[in-house]
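See below for the structure under consideration.
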Amino acid sequence: MKNLWSNLYVWLDERVQLESLVAFMGKKYVPVHRHSVWYYFGGVTLFLFIVQVITGILLLLYYKSGEELAFESIQFIMSKVQFGWLIRSIHSWAANLFILAAVIHMFSVYFERAYRKPRELTWLTGMLMLFLGMGFGFSGYLLPWNELAFFATKVGTDIAGVVPFIGKPMLIFLRGGEEVSGATLSRFFGFHVAVMPGIFTVLLGIHLILVQRQGMSEPLHTDRSEAGVPRTTMPFFPNFLLRDLLLWLIVLNILAILAVFFPWELGTKADPFASAPAGIAPEWYFMFMFQTLKIIPAKVLFIDGEVLGVLLFGVAFLLWTIIPFWDRKSARGEHNRAITYIGLFVVGYVLLLTILGWVL
Amino acid sequence: MNDNTGAVHEGKRDLLKYILGAGLVAWLGSIVYPLAAYLKPPRQAEVEVSSVKVGKLAEIEKDSGAIVRFGNKPVILVRSAAGELRAFSATCTHLDCTVQYRKDLGVIWCACHNGKYDFNGKNIAGPPPRPLDEYRVVVQGEEVLISKQS
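See below:
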């Protein structure tokens, strides 16, 4: 058996020169310090993405897009297809855990200033993937064509329509018409299963190649080489990878427990001629924005409240995304306190508004 | 003489550059335009509805509201405790949700962002920036009809 493997290795090595790859992996080290735990969240996010690809493809085998078919096909998956309920439940839960892991990963990178030179592009691709992840969530939410999804999509696309100048054409583009209808469902389906996975995979490839080439970032304050303390590291292969895999296994178990004991509901079928149900709320990761829009008054000075909200969030997200390019201090390797305060404010704001959204 | 031919050559080269450049732009346009046009959904011919029959006056409860289908738009018909009938576009002016009548509050209410409108469709609380568009309610004998405001 061992012979077979080594023969296979030699066969491949002769053709594609595996040696350099193995040498590269053998030389890769992961820094060990008291913040090392955060390194794992990128891997967890990746794992959940893989789960989404697999369960997504499985759902595609039975899902039917269309106003008259979508809801019924999910009903069919959940009631007739063997383990269909499980696959759908895992897909829904993994989607939420994916966003959660990505958000934790993003904030840990932020607070450790890991976005600083030379990792600006890693941060940028990561942020774009986070936005795409939210896009996945938003578009996937509509696919069962239930009541909640219908109104969430109405509100979400209407928010896009509020953006000055490009808003209206964007709304028409997203909805495939003036109103949220079967045309919207077809479009969202296409975005969700073809357009976004394609773009995401390219970004993910760049992101991972950059991580491999540049290695893990070390936070400024644990850069002990200055203090004369030798750096502690751990080989990526196999030490870190095995830890990664163990964590993936744990995450898979958590996912299975959630999916089995808290199966995802389907709700009632969307009816364009019904009122929005009381207690309607978006997915938790949109909650802070939803709650903000609820709180902003109809008119602030001469601007419509919703326009103001959308513009403020737009500017905030843009500034956050391009942070490596304006946080010059961290790029020089100096400690920038302002970044910590901004970060804490953002975390506090998001948490507070999210809680308010659930309570009010 | 030599200088002159050089200038002529340069002039010719410039001309070629413009032709090539314009060709490139036209070529890009011929790709981008059909794509952009394809992405823009075609206008569906809508059946122009001028009025719809809602039902018998006696069947509409006092102090209640109901969503009525007006072409492809939802319209809310509300009846006050005093029996007065009003109809408004049921699309919230804030972010497009469909409103409902709240008996307990005596207002037209939007569940999405807690917007409230009074019996005249006026936005009285929450984020809605404008009143609801009003429709005309006509009672012909026993029949209740809703039509667009002229």
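Line by line, the protein sequences are chains U and R.
Heads up: the first sequence begins at 336 in this note's numbering, then just goes up one per residue.
Heads up: the second sequence begins at 362 in this note's numbering, then just goes up one per residue.
No residue lacks a Cβ here, since even glycine has one placed at the ideal position from N, Cα and C.
Can you tell me whether residue i is helix, strand or coil according to DSSP?
i               : result
D639 of chain U : strand
K378 of chain R : helix
A611 of chain U : coil
I585 of chain U : helix
V386 of chain U : helix
I392 of chain U : helix
M551 of chain U : coil
L478 of chain U : coil
Y478 of chain R : strand
M362 of chain R : Annotation note: pLDDT 47 at M362 of chain R (below 50); position unreliable, coordinate value reported separately. If DSSP states are grouped into helix, strand and coil, M362 of chain R belongs with coil.
Q410 of chain U : helix
V416 of chain U : coil
E445 of chain R : coil
V367 of chain U : coil
K417 of chain R : strand
E506 of chain R : Just to set this straight, residue 506 of chain R is Leu in the shown sequence, not Glu. Three-state result, L506 of chain R: strand.
V439 of chain R : strand
K664 of chain U : helix
S412 of chain R : strand
T454 of chain R : coil
K489 of chain U : helix
K634 of chain U : strand
K629 of chain U : helix
K452 of chain U : coil
K434 of chain R : strand
Use the C-beta contact count for residue i: other C-beta atoms within 10 angstroms, 16 or more gives buried, fewer gives exposed.
i               : result
E409 of chain R : exposed
L339 of chain U : exposed
A419 of chain R : exposed
P435 of chain R : buried
V500 of chain R : exposed
F575 of chain U : buried
S341 of chain U : exposed
F523 of chain U : buried
V635 of chain U : exposed
L394 of chain U : buried
K629 of chain U : buried
H527 of chain U : buried
E371 of chain R : exposed
W458 of chain U : buried
A397 of chain R : exposed
W693 of chain U : exposed
Q626 of chain U : buried
T603 of chain U : exposed
Tell me which residues share the same chain as residue i and place their Cβ nearer than 7 Å to its Cβ, disregarding the 5 neighbours each side in the sequence.
i               : result
T489 of chain U : The sequence shown places Lys at residue 489 of chain U, not Thr. V515.
T380 of chain U : F433, A436, A437 and H440
I615 of chain U : L483 and F486
E354 of chain U : D348
M362 of chain R : For M362 of chain R, the pLDDT reaches just 47, beneath the cut-off of 50, and the residue's location in the model is therefore unreliable, although a value from the coordinates is still provided. Within the same chain, M362 of chain R has no close Cβ partners at all.
P488 of chain R : H455, H474 and G476
Tell me which residue opens and which closes the beta strand (DSSP E) that residue i is part of.
i               : result
P403 of chain R : Element bounds for P403 of chain R: n/a, residue is neither H nor E.
R463 of chain R : Q461 to R463
W470 of chain R : V468 to C471
F431 of chain R : S425 to F431
I485 of chain R : N484 to A486
Y496 of chain R : E495 to Q501
Starting from the C-beta of residue i, find all residues in its chain whose C-beta is less than 6 Å away, skip the five residues before and the five after it, and write them out in chain order.
i               : result
R510 of chain U : T492 and T519
S474 of chain U : F523, F526 and H527
I'd like the span of the alpha helix (DSSP H) that includes residue i, first residue to last.
i               : result
E349 of chain U : K337 to V351
P570 of chain U : Taken as a continuous stretch (DSSP letters only), P570 of chain U belongs to no alpha helix (DSSP H), being part of the beta strand (DSSP E) at T568 to P570.
T603 of chain U : Looking at the DSSP string, T603 of chain U is not in any alpha helix (DSSP H), and its letter there is neither H nor E.
S521 of chain U : G517 to G525
W619 of chain U : Looking at the DSSP string, W619 of chain U is not in any alpha helix (DSSP H), and its letter there is neither H nor E.
R672 of chain U : R672 to V694
I507 of chain U : G502 to R510
So, for residue i: in the same chain, excluding its five sequence neighbours on each side, which residues have a beta-carbon less than 8 Å away from its beta-carbon?
i               : result
K399 of chain U : A405, E407 and S408
L601 of chain U : F406, I409, Q410, M413, P479 and N481
T568 of chain U : Y364, V365, P366 and V367
K503 of chain U : G496
Meets three-Cβ-pair contact criterion under 8 Å: the segment 460-467 of chain U and the segment 532-545 of chain U: yes
Three CB pairs or more closer than 8 Å across the segment 412-426 of chain R and the segment 437-448 of chain R: yes
Touching by the beta-carbon criterion (3+ pairs, under 8 Å), the segment 450-468 of chain R and the segment 606-613 of chain U: yes
contact_flag[the segment 419-428 of chain U, the segment 366-377 of chain U] where n(CB pairs < 8 Å) is 3 or more: no
Three or more C-beta pairs below 8 Å linking the segment 651-662 of chain U and the segment 446-456 of chain U: yes
Contact list for the segment 390-410 of chain R against chain C, Cβ threshold 8 Å: Absent from the structure is chain C; the protein chains it does hold are U and R.
contact_flag[the segment 376-391 of chain U, the segment 580-592 of chain U] where n(CB pairs < 8 Å) is 3 or more: yes
Cβ contact (3+ pairs, closer than 8 Å) linking the segment 680-689 of chain U and the segment 617-628 of chain U: yes
The segment 339-358 of chain U contacting the segment 543-553 of chain U, beta-carbon criterion three pairs below 8 Å: no
Given 8 Å, three or more beta-carbon pairs between the segment 383-398 of chain R and the segment 479-490 of chain R: no
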